[in-house]
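> First the structure, then my questions, so here it is.
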Amino acid sequence: APRAATVIATEPCRCWAVDQLTFKKTLMATTTRKRQQHEGFIKGVPILSSLEHYERLTIADALQTAKFASGEVAITEGDEGNTFYIVESGEFKVTKSGVAGGGGGKRR
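Written as structure tokens, this is what we have:
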């Protein structure tokens, strides 16, 4: 495809270059590996275990990593439930108003 812009060095530069085919193959391999990893996590989630292969792959492709620091709130009771989290690694404490003790969510 034709270049969308012209790039001119404004001072001495050193660049790395990779040919288009190598870039595409690398990107495809990385995407495939991540997709398989995510599908493996999805298979281990009981509520999603009945999904068909295609449905698992569709969700796997849509997954985005969210990172939380220790003590950071991921979900607040009462907030709109528009995000579904699958714990890839680490541990969360789950609490509910009026319920003593609460539960936990962990994945290692």
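Read in order, the letters of the sequence shown correspond to residues 817 to 924 in our numbering. Where is the CB? At the ideal position from N, CA and C, for every residue including glycine. Quick caveat: nothing in here was measured; it's all calculated off a predicted structure.
(1) Based on Cα-Cα distance, which residue from I902, S913, P818 and T842 lies nearest to I863?
(2) Do I858 and Q876 count as a contact pair if the criterion is CB distance below 9 Å?
(3) When DSSP labels each residue in this structure, what does R923 get in the three-state scheme?
(4) Report yes if the CB atom of V834 is closer than 9 Å to the CB atom of T847, and no otherwise.
(5) What residue range does the alpha helix (DSSP H) around F839 cover?
(6) Out of Q853, T826, T911 and I824, which one is the CA nearest neighbour of E904?
(7) Assuming contact is defined by CB atoms lying nearer than 9 Å, are L899 and I891 in contact in what I supplied?
Straight from the coordinates:
(1) I902
(2) Before going on, a small fix: residue 876 reads as Ala here, not Gln. Yes. Within cutoff.
(3) Note on R923: pLDDT 48, under 50, position unreliable in the model; no value is reported.
(4) no
(5) Q836 to K859
(6) Q853
(7) Looking at the sequence shown, residue 899 is not Leu but Thr. Cβ atoms of T899 and I891: closer than 9 Å.
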